[in-house]
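Q: The opening position of the sequence shown corresponds to residue 9 in this note's numbering, with each subsequent residue numbered one higher. Pasting a structure below so you can have a look.
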Amino acid sequence: MAPITDPEDLKASKRKRDAEEHSRRKRAKRDRLSSQQAIVNGQYQTENQPTSANGSHAPHPEESMPEKAIPLKKEKKHRSKATTNIAKSQLPSWKISQPMGGRMLDIDPILTADEKHMILAHNTSLQVYYCADSLLLRNIRLPILSGADTLEHIISTCPSPSDPEFVWVASSLGRIWLINWTTGEGSSSNLKVKCDMLNGMAVESIKINEKTRDVPFICVGKGNNWSILACDVRDRQLNSTKVLLSQKTVIHNILSVRGGRALIASAERNVLLGSLRSRDSTSFSHIEYEFFSFDCSDEITCLDVRAAERVHLNRASQRKEGNEAVLDVVVGCARGAVFSYNDLLPQLRVLQNSKTRDFSLQPRKYHWHRKAVHAVKWSRDGSEATLVLWQLDTAKMDFLPHLSASIENIVVSARGSAYALHLDDNSAMVLSTAEMKPTTYVAGVQTLITPQPFSKDELVRRVGQQYTSRLFKTPAAISPLDTTRISFCVGNGQQIGHSGCGPSTPLIQTLDLNTIQSISKQALTRTNPTDVNMTAKGRPVTEPRITKMAYSRDGSWLATVDEWQPPFRDVEPLEGAASERREVYLKFWGVSAEDHSLGLVSRVDAPHYAGRSEPVFDLAADPSSHRFATIGKDGVVRLWKPALRKRDGVLLKSQSGLPLQTWSCSQAIHLREKSIPDGPDATAVRSHLQESGAVHFSEDGSTLVCAFGNGQESLVYIIDAETGKIRTSLNGLCQGDIQGVGLLSSSLIVVSDDLIVYDIVRDELVYGIQLRGDEQSTGSSILSHLALDHQTSSFAVAISRRKLESLSVRSELAVFGPRQSEPEIVREFPHPITAVVPSGQGSSGFLVLDAAAQLWSVSRGTETRSAFAQPLADMRLDDVDVEERRGGVAEAEEDDKPVAALIEAGEEVASEDEMMDIDDVPTPEDVGASGGDDDDIYPAVVPPQRLAELFDAAPAFAMPPIEDVFYQVTKLFSADPTAAAR
9 MAPITDPEDL
19 KASKRKRDAE
29 EHSRRKRAKR
39 DRLSSQQAIV
49 NGQYQTENQP
59 TSANGSHAPH
69 PEESMPEKAI
79 PLKKEKKHRS
89 KATTNIAKSQ
99 LPSWKISQPM
109 GGRMLDIDPI
119 LTADEKHMIL
129 AHNTSLQVYY
139 CADSLLLRNI
149 RLPILSGADT
159 LEHIISTCPS
169 PSDPEFVWVA
179 SSLGRIWLIN
189 WTTGEGSSSN
199 LKVKCDMLNG
209 MAVESIKINE
219 KTRDVPFICV
229 GKGNNWSILA
239 CDVRDRQLNS
249 TKVLLSQKTV
259 IHNILSVRGG
269 RALIASAERN
279 VLLGSLRSRD
289 STSFSHIEYE
299 FFSFDCSDEI
309 TCLDVRAAER
319 VHLNRASQRK
329 EGNEAVLDVV
339 VGCARGAVFS
349 YNDLLPQLRV
359 LQNSKTRDFS
369 LQPRKYHWHR
379 KAVHAVKWSR
389 DGSEATLVLW
399 QLDTAKMDFL
409 PHLSASIENI
419 VVSARGSAYA
429 LHLDDNSAMV
439 LSTAEMKPTT
449 YVAGVQTLIT
459 PQPFSKDELV
469 RRVGQQYTSR
479 LFKTPAAISP
489 LDTTRISFCV
499 GNGQQIGHSG
509 CGPSTPLIQT
519 LDLNTIQSIS
529 KQALTRTNPT
539 DVNMTAKGRP
549 VTEPRITKMA
559 YSRDGSWLAT
569 VDEWQPPFRD
579 VEPLEGAASE
589 RREVYLKFWG
599 VSAEDHSLGL
609 VSRVDAPHYA
619 GRSEPVFDLA
629 ADPSSHRFAT
639 IGKDGVVRLW
649 KPALRKRDGV
659 LLKSQSGLPL
669 QTWSCSQAIH
679 LREKSIPDGP
689 DATAVRSHLQ
699 ESGAVHFSED
709 GSTLVCAFGN
719 GQESLVYIID
729 AETGKIRTSL
739 NGLCQGDIQG
749 VGLLSSSLIV
759 VSDDLIVYDI
769 VRDELVYGIQ
779 LRGDEQSTGS
789 SILSHLALDH
799 QTSSFAVAIS
809 RRKLESLSVR
819 SELAVFGPRQ
829 SEPEIVREFP
839 HPITAVVPSG
849 QGSSGFLVLD
859 AAAQLWSVSR
869 GTETRSAFAQ
879 PLADMRLDDV
889 DVEERRGGVA
899 EAEEDDKPVA
909 ALIEAGEEVA
919 SEDEMMDIDD
929 VPTPEDVGAS
939 GGDDDDIYPA
949 VVPPQRLAEL
959 FDAAPAFAMP
969 PIEDVFYQVT
979 KLFSADPTAA
989 AR
C-alpha cells in the first residue's frame with residue numbers, strides 16, 4: 009500500500025491513533041485495578057469488588073491466589089484497602105513470659121545435707137524446692153545456648169563437698185558453673201573447657217599442699233579421643249587441666265568416692281576403675297590415678313561405687329593387703345542384669361599378674377528387670393543394692409508399690425534416711441527409708457516430648473520397637489470453674505507413651521498455674537499400670553489416646569474423645585487394615601464442684617459410624633448452654649445434649665437425691681450427600697480420602713460454623729445451631745488439611761495451609777496469608793493451631809514447620825486482629841508448639857505449650873495479672889520462711905525488725921505487756937463522743953499481731969495473691985488510728 013499523503017486522511021489517522029492510545033491506557037488502568045484484588049505479598053484485597061458467599065458475582069478466591077506468597081514470618085506486607093490501615097506503633101503491644109515448667113533431665117537430683125531442700129535440673133535452669141511443702145523456692149536460669157547449629161544442655165550437677173551452699177553444673181559444650189543455690193549467684197559466669205563434648209562430671213574435695221579444695225573430674229571428647237580430666241579451679245578460674253586417662257571409646261557415667269580415693273566410669277561394656285596413688289599431693293600436677301579396666305557381659309547403663317575402711321584381723325593381713333580402701337561396685341546393664349563386685353582392687357591386681365591366668369572375676373548376678381536397669385545405688389548402711397530393695401545377704405527382695413512411671417534416677421541422702429527418686433513422667437519424690445512413704449512430691453508438666461528423649465532401654469534393639477517423629481497436638485483446656493488450673497492429656501511416662509505407632513495418652517493431668525505443679529491425674533481410658541503390659545513376644549501393650557477434650561460453659565461437664573487401634577504388627581497376618589478395628593469413644597464426664605474430680609456419666613461407642621468407627625475431627629462446646637458438637641470423617645456434624653435418665657417412665661436419682669442425666673445425640677447435620685455407600689465395600693475407597701474438618705460455636709451459641717474437606721474440595725458451612733439448617737456454604741476458603749475454624753464477632757477465621765479471615769456479614773474476604781512456603785510444599789509435615797480470645801478480639805495462630813532436608817522443627821506464633829493483616833506480635837519458639845489455649849475467663853491472652861513440656865504466657869502489654877506465679881525467692885517471701893525454719897531466739901528478734909521499720913520514726917514498739925487488749929480499744933463511736941477532732945488524730949500504730957494475722961494466716965502455698973496482701977497492709981496504715989489498733 010502507498011503511504012497516505014492527503015492532509016484530511018492524515019488528520020483522521022492521527023485521531024484514530026489517539027483513540028487507540030486512549031483505549032489502551034483505559035485497559036491498562038482496568039488491569040491494574042483488577043490485579044489489586046489478588047493477593048499481594050500473601051494478602052487478599054477486596055475493596056473494589058466484594059466477593060459473594062456463593063461465588064456468583066465475584067471471582068473465586070482460588071482464582072486470585074498467586075503462585076507464590078510470602079510466608080507468615082515475613083513482616084513487610086502491602087496492605088489491602090479492606091483492612092484497617094493501622095500503623096505498627098499503634099498496634100496493641102503483647103508480651104511473652106519466660107517459659108515455666110519444662111522437662112526434668114535424666115540427672116540425679118540433689119538432696120541437701122539437712123534433707124530440707126531438693127535441687128532438680130531442667131532444660132535451662134536449676135529449680136530448688138522445699139522438701140517440707142514441695143514448693144518451688146528458687147528458679148536459677150542458666151545461659152544455655154540453643155540454636156540450629158549448637159544445642160547445649162545440662163549434663164551433670166554435683167554438690168560441692170567443701171561448701172554445702174554451692175553446686176557444680178556442667179553443660180554438654182564444656183561450660184562449668186559454680187552456683188550458690190541459696191542466692192542464685194554464679195549463674196552469669198562460667199568456666200570453659202576446650203572440648204567437642206562433655207559427657208559427665210564428678211566433684212571431690214582433695215587435699216593439695218595442706219589445703220582442701222574442690223577438684224572437678226570430667227569426661228570430655230575431642231575428635232576421636234575421649235579423656236578423663238582433672239580441673240584445677242581456684243577463685244572461679246580454670247588454671248589448668250590434667251589428663252588422667254585417654255582412650256578411643258566414649259566414656260560416661262563417671263563417679264567419685266571418699267575424697268577422690270577412687271574414680272569409676274564406663275565405656276560401652278567396660279568398667280574403668282581408678283585408684284588414687286597418694287592422698288597427700290604437694291601440687292595439682294602430682295594428682296595421679298592407677299586405672300584398671302575389666303569387661304562386663306552387657307552394655308552398661310548405670311553403676312555405683314562405695315568405699316569403706318579395710319578392717320584387719322591380724323598383722324599378717326595388714327602387711328599383705330595394706331590400708332587400701334575396700335571398693336564395692338554395682339553395675340546395671342541394658343538387658344536387665346545387675347552385677348555386684350566386692351573388694352575389687354585386690355582382685356584386679358591379681359588379674360594383672362601374668363602368673364595367675366586361671367583367675368577371673370566372679371560377680372554376683374541379680375536379674376529381675378525386664379528391660380534396662382535405669383538406676384542403681386548403694387544404700388548408706390550397705391545392706392541394700394537397689395530399689396527394688398535387694399538384701400544381698402539373704403537374697404530377699406522388697407518391692408515398692410507401683411509408681412506412676414519407671415524410675416530414672418536414685419539418690420540416697422547423706423544421712424541415709426531418705427531416697428530421692430526421679431521418675432520418667434517428669435516427677436520426683438523423696439521417700440523415707442524407714443516407712444517407704446513419700447514425704448515430698450514434685451510433678452511438672454507431664455505431656456509427651458517430641459522428639460522422644462533418649463532412654464537407656466535404647467542401648468539394645470528390642471522386639472517391636474518403633475520410632476516416630478510425627479508431631480501430634482496435645483489436647484488442653486482450662487476449666488471455667490477455676491481458671492488457675494489447666495488440664496492436659498498425658499501418658500504413663502515417656503517410654504510407655506511412645507511405645508506404639510502413635511502416642512498413648514490415656515490420662516488427664518490437672519496443673520496449678522500458680523505453682524506449675526500437678527494437682528491430680530486421672531485415667532480417662534483403660535490403662536495398664538499394674539497389669540502385665542508386655543505381650544508374650546516382648547512387645548508393649550499400647551494404650552488409647554485422648555484426641556479431643558472440651559469443658560462446658562460453666563465447667564460442670566467435660567467431653568473427651570479417645571481412640572485406639574491395634575498396632576500394624578498385630579494385624580499383619582490378618583485380613584483387613586488396622587483402621588478397620590479402630591475403637592472410638594465419646595465420653596461425657598461430670599465435674600465435681602468440690603474437688604474437681606471426674607465421674608463418667610455417658611459413653612458413646614463409635615459416635616461417627618459409617619460402616620466402621622470413623623475418627624472424630626473436632627469437638628466444640630456451646631458457650632451459652634450445656635451442648636457439644638462433633639464432626640467426623642463421615643461428613644456429619646452431631647449435636648449432643650443432656651437428658652434426664654428414666655426407667656419405665658420414672659426418673660432415676662443418685663444417692664444424694666439428684667436426678668441422673670445421660671447424653672445423647674439431639675441433631676445430626678449431614679454436610680454432603682452419601683456418594684460412598686456404607687459397609688465393608690466402602691472401606692478401601694474411604695481409606696484413600698484425606699478428609700479433615702473443624703467445628704466452632706459463635707460466642708452467643710446461635711451459629712455453628714464447620715469446615716469439612718477431602719483434600720480436593722473443602723467447604724465452610726454456616727449452620728443455625730437451633731434448627732440445624734445450613735444457611736450458607738463458602739467454597740475455596742481452605743487449602744490442604746483443615747487445622748481450625750472460629751468466629752470472632754462477624755469475622756470467620758479459617759486455618760489450613762492458608763490463614764483466611766472472612767466477614768460473613770459483609771459477605772467479603774478481609775485478608776489472607778499463606779502459612780506454608782514453597783520449601784514446605786512437597787512432603788513436609790505441618791502442625792497449626794488456632795485459639796480465639798474474645799476479650800481482646802484477637803486470635804493466635806501457631807505453626808510448626810519441618811523442612812525436607814532437615815530434622816529440626818521451626819515454630820512461630822502470631823497474634824492477629826480480625827481487621828488488620830499486620831500481626832500484632834510474631835515470635836519464634838525454640839521447640840514445636842503442641843497446644844495453644846485462651847487464658848480463660850477473667851484474663852486475656854493465651855497459654856502456649858511446647859514439645860519440651862514448657863508453658864509460655866502470651867498477654868497484652870496492659871495486662872497486670874500474670875498467668876504464672878513467681879518462685880518464693882522472686883517474691884521475697886521466703887526470707888521469713890527461712891528464719892522460721894532456723895528457729896531459736898534470734899527468730900523472734902529478726903521478726904520484730906520489719907515491723908519496727910513500718911512504724912513511723914520516733915514511735916516505740918510496745919512490749920507484749922503494753923499491748924492493748926481488743927476489748928480495751930475505744931470504738932469510733934467512743935472517740936466521736938469524747939469530742940475528738942482532726943487535731944487529735946495521731947499516726948497509725950499497727951500492733952505486730954495484726955501483721956502476723958495477715959502473713960501467718962495460711963501456709964505459703966495457700967496464701968492469697970501478693971497484691972491482696974499489699975492492699976490489706978496499706979489498709980491497716982491508712983485507716984483510722986483506733987481502727988488500725990484493733
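Positions of the beta carbon are idealized from the N, C-alpha and C atoms, including for glycine.
1. Among His375, Thr800, Lys215 and Gly452, whose alpha-carbon lies nearest the alpha-carbon of Gly850?
2. In whole angstroms, what is the alpha-carbon distance linking Ser819 and Leu144?
3. Does the segment 583-590 come close enough to the segment 540-555 to have 3 or more Cβ pairs within less than 8 Å?
4. Give the C-beta separation of Glu313 and Gly340 to the nearest angstrom, bearing in mind that I take them to be a contact with Cβ-Cβ under 8 Å.
5. Should Ile163 be labelled buried (16 or more other beta-carbon atoms within 10 Å of its own) or exposed?
6. Are the CB atoms of Lys595 and Arg611 nearer to each other than 8 Å?
7. Count the CB pairs spanning the segment 508-528 and the segment 446-458 that are closer than 8 Å, and state whether there are at least three.
8. Please classify Gln360: does DSSP put it in a helix, a strand, or coil?
9. Could you check if Ile970 is buried or exposed, using at least 16 other CB atoms within 10 Å of its CB as the buried criterion?
10. Just to confirm my understanding: we take Val265, look at its own chain, exclude 5 residues before and 5 after, and list those with CB closer than 6 Å. What are they?
11. What residues in its chain sit with their C-beta under 6 Å from that of Asn207, if we drop five residues either side in the sequence?
12. Let me check understanding here. Comparing Cα to Cα, which of Val337, Arg357, Thr736 and Leu119 lies closest to Ser348?
13. Just the Cα atoms here: how many angstroms apart are Tyr617 and Asp642?
14. How close, in whole Å, do the beta carbons of Ala436 and Leu119 come, if the pair is a contact with beta carbons under 8 Å?
15. From Glu317, Val384 and Asp288, pick the residue whose C-alpha is nearest to that of Thr309; which is it?
16. Suppose the cutoff is 6 Å on Cβ atoms and the five residues either side in sequence are ignored; what does the same chain contact list for Glu276 look like?
17. Determine, using beta-carbon pairs with one atom in the segment 596-606 and one in the segment 622-632, whether at least three such pairs fall under 8 Å.
18. I need the straight-line Cα distance from His130 to Phe496, nearest angstrom please.
19. Could you give the distance in angstroms between the alpha-carbon of Glu416 and the alpha-carbon of Gly344?
20. Select from Gln976, Arg269, Ile757 and Tyr775 the residue whose C-alpha is nearest the C-alpha of Arg954.
21. Between the alpha carbons of Leu738 and Val724, how many angstroms are there, rounded?
22. Helix, strand or coil: how does DSSP classify Val201 here?
23. Which residue spans inside the segment 274-341 form an unbroken beta strand (DSSP E) run of at least 3?
24. Here's the rule: buried if 16 or more other CB atoms are within 10 angstroms of the residue's CB, otherwise exposed. What is Pro552?
25. For Asp972, which residues of its own chain have a beta-carbon under 6 Å away from its beta-carbon, when the five flanking residues on both sides are left out?
26. Using the Cβ count rule (16 or more neighbours within 10 Å means buried), how would you classify His430?
27. Compute the Euclidean distance between the alpha carbons of Thr492 and Cys139, then round it to the nearest angstrom.
28. Does the segment 698-717 come within contact of the segment 656-668, defined as at least 3 CB pairs closer than 8 Å?
29. Taking the alpha-carbon positions, what's the Ser293 to Val201 distance?
30. Would Trp376 be called buried (16 or more neighbouring beta carbons within 10 Å of its own) or exposed?
31. Write down every uninterrupted run of the alpha helix (DSSP H) in the segment 453-526 whose length is 4 residues or greater and which is fully enclosed by it, in chain order.
32. How far does the beta strand (DSSP E) with Glu591 in it reach, from first residue to last?
33. In the DSSP assignment, what residue or residues form a beta bridge with Asp797?
34. Which residue comes first and which comes last in the alpha helix (DSSP H) that contains Lys250?
35. State the start and end residues of the unbroken alpha helix (DSSP H) segment that holds Leu411.
36. So, with DSSP's three-state summary, where would you put Val973?
A: This is what the structure gives:
1. As a working note, residue 850 is residue 842 in the sequence shown. That would be Thr800, whose Cα lies nearest to the Cα of Gly850.
2. Reading the sequence shown from its first residue, position 811 is the one you call residue 819. Reading the sequence shown from its first residue, position 136 is the one you call residue 144. Computed Cα separation, rounded: 29 Å.
3. no
4. For this step, residue 313 is matched to residue 305 along the sequence shown. For this step, residue 340 is matched to residue 332 along the sequence shown. Before going further, note that residue 313 is Val rather than Glu in the sequence given. That pair is no contact at about 13 Å.
5. Taking the sequence shown and counting its residues from 1, one reaches residue 163 at position 155. Buried, by the Cβ-count rule.
6. Within the sequence shown, numbered from 1, the residue matching residue 595 stands at position 587. Within the sequence shown, numbered from 1, the residue matching residue 611 stands at position 603. In this structure, Arg611 lies closer than 8 Å to Lys595 by Cβ.
7. yes
8. Counted from its first residue, the sequence shown places residue 360 at position 352. Gln360 falls in the helix class under three-state DSSP.
9. The count along the sequence shown starts at 1 and reaches residue 970 at position 962. Ile970 comes out exposed.
10. Mapped onto the sequence shown, residue 265 falls at position 257. These residues qualify, in order along the chain: Val313 and Ala315.
11. Walking along the sequence shown from the start, residue 207 turns up at place 199. Answer for Asn207: Cys227 and His260, listed in chain order.
12. For this step, residue 348 is matched to residue 340 along the sequence shown. Taking only the C-alpha atoms, the option nearest Ser348 is Val337.
13. Here the question's residue 617 lines up with position 609 in the sequence shown. Here the question's residue 642 lines up with position 634 in the sequence shown. Roughly 7 Å between the two C-alpha positions.
14. Residue 436 sits at position 428 when you count from the first residue of the sequence shown. Residue 119 sits at position 111 when you count from the first residue of the sequence shown. Contact flag wrong, Cβ pair sits at about 10 Å.
15. On the sequence shown, residue 309 is found 301 positions in, with the first residue counted as 1. The candidate whose alpha carbon is nearest that of Thr309 is Val384.
16. Translated into the one-based positions of the sequence shown, residue 276 becomes position 268. Only Thr257 meet the Cβ criterion.
17. no
18. As a working note, residue 130 is residue 122 in the sequence shown. As a working note, residue 496 is residue 488 in the sequence shown. Roughly 20 Å separates the two Cα atoms.
19. As a first step, residue 416 is located in the sequence shown; it is residue number 408 there, counting from the start. As a first step, residue 344 is located in the sequence shown; it is residue number 336 there, counting from the start. Rounded to whole angstroms, Glu416 to Gly344 spans 14 Å at the Cα level.
20. Indexing the sequence shown from 1 puts residue 954 at position 946. When each option's Cα is compared against that of Arg954, the closest is Gln976.
21. For the purposes of this step, residue 738 is identified with residue 730 of the sequence shown, where counting begins at 1. For the purposes of this step, residue 724 is identified with residue 716 of the sequence shown, where counting begins at 1. Taking the straight line joining both Cα atoms gives about 5 Å.
22. Here residue 201 refers to the residue found at position 193 of the sequence shown. Coil at Val201, not helix or strand.
23. 278-284, 297-303, 308-316 and 334-341
24. Residue mapping note: residue 552 aligns to position 544 of the sequence shown, counting from 1. Buried is the call here.
25. In the sequence shown, the residue the question calls residue 972 occupies position 964. Closer than 6 Å at the Cβ level, and outside the excluded window around Asp972, lies no residue.
26. Numbered from its first residue, the sequence shown carries residue 430 at position 422. So His430 ends up on the buried side.
27. As a working mapping, residue 492 is identified with position 484 in the sequence shown. As a working mapping, residue 139 is identified with position 131 in the sequence shown. Answer to the nearest angstrom: the Cα atoms are 24 Å apart.
28. no
29. Here residue 293 corresponds to residue number 285 of the sequence shown, with the count starting at 1. Here residue 201 corresponds to residue number 193 of the sequence shown, with the count starting at 1. One C-alpha to the other measures close to 17 Å.
30. For the purposes of this step, residue 376 is identified with residue 368 of the sequence shown, where counting begins at 1. Trp376 is exposed by the Cβ-count criterion.
31. 502-505
32. Along the sequence shown, read from residue 1 onward, the residue named residue 591 stands at position 583. Per DSSP, Glu591 belongs to the beta strand (DSSP E) from Glu591 to Val599.
33. Against the sequence shown, residue 797 aligns to sequence position 789. Bridge partners of Asp797: Ser802.
34. On the sequence shown, position 242 is the one that residue 250 refers to. Where Lys250 is concerned, there is no enclosing alpha helix (DSSP H), although the beta strand (DSSP E) it sits in stretches over Gln245 to Gln255.
35. For the purposes of this step, residue 411 is identified with residue 403 of the sequence shown, where counting begins at 1. Taken as a continuous stretch (DSSP letters only), Leu411 belongs to no alpha helix (DSSP H), as it is neither H nor E.
36. Translated into the one-based positions of the sequence shown, residue 973 becomes position 965. In the structure shown, Val973 sits in a helix (DSSP, three-state: H, G or I).
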